[in-house]
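K.L.:
Each residue of the sequence shown is one higher than the last, beginning at 0 in numbering that gives the first Met the number 0.
Quick one: the structure is below, and I'll ask about it shortly.
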Amino acid sequence: MNEQWIRADRIMSAWSDIDWKADFTAHPLLDPEFLTRSSRLHRFLRLTHERIRDDDRTYHREAARLVRPLGAKSDEIPPCADDVLIVSEFLSEADVYLQSAIDLLPDAAGRAIAPLEAVTATHDLRSLLGLVFESDDRRLGYEALRKIYLADLLLDIDHSRHIQDGPLHLAYFEESLGRALWRYKTQEYPVNIGFRIADDDETIHYTTRPREDDQVWHFDSSFIETQLAGRSVSLDVLYHSCRFKRSADRASFEVVDGRHRVLEQVRWQEMKQHRSGSILSKMLRKGFSNPGAIEDLLGATFIVHDEDSLDDLIGLLDTGIGNPFGWRDVTDTLGAEPAGSRLNQHSGKGFRVFKGNMDLLFPGRFPGQAPYRFTVEIQIHTLESFLRTVCGTHHANHLALKLRQFLKGLVPVLFPAAIYGTEWLQRDEIG
Numbered sequence: 000m001n002e003q004w005i006r007a008d009r010i011m012s013a014w015s016d017i018d019w020k021a022d023f024t025a026h027p028l029l030d031p032e033f034l035t036r037s038s039r040l041h042r043f044l045r046l047t048h049e050r051i052r053d054d055d056r057t058y059h060r061e062a063a064r065l066v067r068p069l070g071a072k073s074d075e076i077p078p079c080a081d082d083v084l085i086v087s088e089f090l091s092e093a094d095v096y097l098q099s100a101i102d103l104l105p106d107a108a109g110r111a112i113a114p115l116e117a118v119t120a121t122h123d124l125r126s127l128l129g130l131v132f133e134s135d136d137r138r139l140g141y142e143a144l145r146k147i148y149l150a151d152l153l154l155d156i157d158h159s160r161h162i163q164d165g166p167l168h169l170a171y172f173e174e175s176l177g178r179a180l181w182r183y184k185t186q187e188y189p190v191n192i193g194f195r196i197a198d199d200d201e202t203i204h205y206t207t208r209p210r211e212d213d214q215v216w217h218f219d220s221s222f223i224e225t226q227l228a229g230r231s232v233s234l235d236v237l238y239h240s241c242r243f244k245r246s247a248d249r250a251s252f253e254v255v256d257g258r259h260r261v262l263e264q265v266r267w268q269e270m271k272q273h274r275s276g277s278i279l280s281k282m283l284r285k286g287f288s289n290p291g292a293i294e295d296l297l298g299a300t301f302i303v304h305d306e307d308s309l310d311d312l313i314g315l316l317d318t319g320i321g322n323p324f325g326w327r328d329v330t331d332t333l334g335a336e337p338a339g340s341r342l343n344q345h346s347g348k349g350f351r352v353f354k355g356n357m358d359l360l361f362p363g364r365f366p367g368q369a370p371y372r373f374t375v376e377i378q379i380h381t382l383e384s385f386l387r388t389v390c391g392t393h394h395a396n397h398l399a400l401k402l403r404q405f406l407k408g409l410v411p412v413l414f415p416a417a418i419y420g421t422e423w424l425q426r427d428e429i430g
């Protein structure tokens, strides 16, 4: 979690107020009571287990239904052992995802909730269903079913058209940025910003002439000159990043040669399935069962000097990429009177940003196809608001946000108290 970047004792609070009563409405197979209650979904799953338990041909056909389209008749799908292997790969991916989540915890806590070896050693769907329905060990049955369900969600992500078209849409958006912004770039230059937090634990002081005791952030700035609404615009874009949620995490904050730099880090690099971990996490935290419901699959982040520069950048984006009514779900906490939708429930005190979803009209993938729209989440920070997110003792610290999202959004869902209790997660171990 790169904890050297955060002072948990200063900016983390209410570690004990985790709501362990998670809502499993969207993900019923993760409900620790699923196997103890009578439901049609429970019965259907048990019938699947009974059908495939002793019949290889039926087992292969059921695996095929997970990874291949049905023909006119379901019996037209020839059984193939390769389909079982494909499902096995996704079951292995579920293990990698879960371990990546556990790795965010202190060692003692991670050991307490580590999946049982009988589950991690099994990558066969039929065998895991056997553990679910034939074991008297409640934790074993739960963990086997959790592994199956996480693998199924990863399959859903892999098969989502929104996800499959993500790289195509990202390329179109970057091409649009080239027309709207970068063709007006006249200069690139490096700049070092020294910064420190004030005594009020809120204000960030910064300068282009860093002091010896300052934290220093390096930017490769792009200078843009153009016309906007009949006036000249000169704009420094200190940093920008475009990302597809499946292929890269947001900018990570690392120390390089004693200086803080912006680095693109891939968090789920051990996953073979194009690193769907961040999408899966959001589905679990937000209670989404459909990966297509996630609107920030594509995103872009910009850092500019001040609010006047932010207004200029929004104007260029608005006239060069979107349409007159293309902004949706806007959050603006930088102005004197914050407006728009609410911030993330886990956002820290003092987090400032302009954020909104911009719709782009895409011409279609082939001749004759009607245009359709896709969405890009745009985030724009002023320099001061960005430095808040990377200051280790500021409540708006980005890594502290991620830690809160994990502890309060994912932990109760993946490690429910009914199975693991709550004593394994202790404040003094984390802080």
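For every residue, glycine included, the Cβ atom is placed at its ideal position computed from N, Cα and C.
1. Starting from residue 148, trace the alpha helix (DSSP H) in both directions and tell me its first and last residue.
2. Starting from residue 303, trace the beta strand (DSSP E) both ways and give me its first and last residue.
3. Could you tell me if residue 281 is buried or exposed, where buried requires 16 or more neighbouring beta carbons within 10 angstroms of its beta carbon?
4. Count the other C-beta atoms from every protein chain shown that fall within 10 angstroms of the C-beta of residue 69, then say buried if there are 16 or more, exposed otherwise.
5. Would DSSP call residue 237 helix, strand or coil?
6. In or out: residue 100 buried (at least 16 other Cβ within 10 Å) or exposed?
7. Does the beta-carbon distance from residue 153 to residue 237 come in below 9 Å?
8. Could you compute how far the alpha carbon of residue 214 sits from the alpha carbon of residue 297?
9. In this structure, does DSSP put residue 249 in helix, strand or coil?
10. If you check the beta carbons only, do residue 194 and residue 390 fall under 9 Å apart?
11. Nearest to residue 221 by alpha carbon, out of 188, 145, 123, 372?
12. Only counting the same chain, and skipping five residues up and downstream in sequence, which positions put a Cβ closer than 6 Å to that of residue 186?
13. Can you confirm whether the region 28-44 touches the region 135-147 when touching is taken to mean that 3 or more C-beta pairs between the two stretches lie within less than 8 Å?
14. Would you mind giving the Cβ-Cβ distance between residue 350 and residue 331, rounded to the nearest angstrom? I have them listed as a contact below 8 Å.
15. Suppose you measure from the CA of residue 115 to the CA of residue 137; what does that come to, to the nearest Å?
16. Skipping 5 residues on each side, what residues in its chain have a beta carbon closer than 7 Å to that of residue 119?
17. Taking 6 Å as the limit between beta carbons, can you name the residues of its chain near residue 102, skipping five residues before and five after?
18. Identify the residues that DSSP records as bridge partners of residue 232: which are they?
19. What ranges does the alpha helix (DSSP H) occupy inside the region 185-214, keeping only unbroken runs of at least 4 residues that lie completely in it?
20. Relative to the alpha-carbon of residue 303, which residue among 291, 333, 327, 319 has its alpha-carbon at the smallest distance?
21. From what residue to what residue does the beta strand (DSSP E) around residue 354 run?
22. By a C-beta neighbour count over all protein chains shown, 10 Å radius and 16 as the cutoff for buried, is residue 43 buried or exposed?
23. Please report the straight-line C-alpha distance between residue 410 and residue 229, rounded to a whole angstrom.
24. Can you check whether the CB of residue 168 is closer than 9 Å to the CB of residue 324?
P.N.:
According to the structure data:
1. The residue you call residue 148 lines up with position 149 of the sequence shown. Residue 148 -> alpha helix (DSSP H) spans 137-158.
2. Indexing the sequence shown from 1 puts residue 303 at position 304. Bounds of the beta strand (DSSP E) holding residue 303 are 297-303.
3. Translated into the one-based positions of the sequence shown, residue 281 becomes position 282. Under this definition residue 281 is a buried residue.
4. For the purposes of this step, residue 69 is taken as the residue at position 70 of the sequence shown. Exposed.
5. Start at 1 with the first residue of the sequence shown, and residue 237 comes out as number 238. Three-state DSSP puts residue 237 in a strand.
6. Translated into positions along the sequence shown, residue 100 becomes position 101. Counting C-beta atoms within 10 angstroms of its own C-beta, residue 100 has 16 or more neighbours from the protein chains shown and is therefore classed as buried.
7. In the sequence shown, residue 153 corresponds to position 154, counting from 1. In the sequence shown, residue 237 corresponds to position 238, counting from 1. For residue 153 and residue 237, no; Cβs fall outside 9 Å.
8. Position 215 of the sequence shown, counted from the start, is the residue given in the question as residue 214. Position 298 of the sequence shown, counted from the start, is the residue given in the question as residue 297. Between residue 214 and residue 297, the C-alpha separation is close to 31 Å.
9. Counting from one through the sequence shown, the residue named residue 249 turns up at place 250. With a pLDDT of 48 at residue 249, under the threshold of 50, the modelled position of that residue is not reliable, and the figure given next carries that caveat. In this structure, residue 249 counts as coil in the three-state DSSP scheme.
10. Stepping through the sequence shown from its first residue, residue 194 is reached at position 195. Stepping through the sequence shown from its first residue, residue 390 is reached at position 391. Closer than 9 Å, so yes.
11. Walking along the sequence shown from the start, residue 221 turns up at place 222. Of the listed residues, the one whose Cα sits closest to residue 221 is 188.
12. The count along the sequence shown starts at 1 and reaches residue 186 at position 187. The beta carbon of residue 186 is closer than 6 Å to those of 222 in its chain, skipping five residues each way along the sequence.
13. yes
14. Within the sequence shown, the letter at position 351 stands for residue 350. Within the sequence shown, the letter at position 332 stands for residue 331. 12 Å between Cβ atoms; not a contact.
15. To locate residue 115, count along the sequence shown from 1; it is residue 116. To locate residue 137, count along the sequence shown from 1; it is residue 138. So the alpha carbons of these two residues sit roughly 12 Å apart.
16. Start at 1 with the first residue of the sequence shown, and residue 119 comes out as number 120. Hits under 7 Å: 94.
17. Taking the first residue of the sequence shown as position 1, residue 102 is located at position 103. So no residue of the chain qualifies.
18. The residue labelled residue 232 in the question sits at position 233 within the sequence shown. According to DSSP, residue 232 bridges with 225.
19. none
20. Taking the sequence shown and counting its residues from 1, the one referred to as residue 303 is at position 304. The shortest C-alpha separation from residue 303 is found at 333.
21. Here residue 354 refers to the residue found at position 355 of the sequence shown. Note, residue 354: beta strand (DSSP E), 353-361.
22. Along the sequence shown, one-based indexing puts residue 43 at 44. Exposed, by the Cβ-count rule.
23. Position 411 of the sequence shown, counted from the start, is the residue given in the question as residue 410. Position 230 of the sequence shown, counted from the start, is the residue given in the question as residue 229. If I take the Cα positions, the gap works out to 53 Å.
24. For the purposes of this step, residue 324 is taken as the residue at position 325 of the sequence shown. For the purposes of this step, residue 168 is taken as the residue at position 169 of the sequence shown. Taking 9 Å as the Cβ cut-off, residue 324 and residue 168 do not qualify as a contacting pair.
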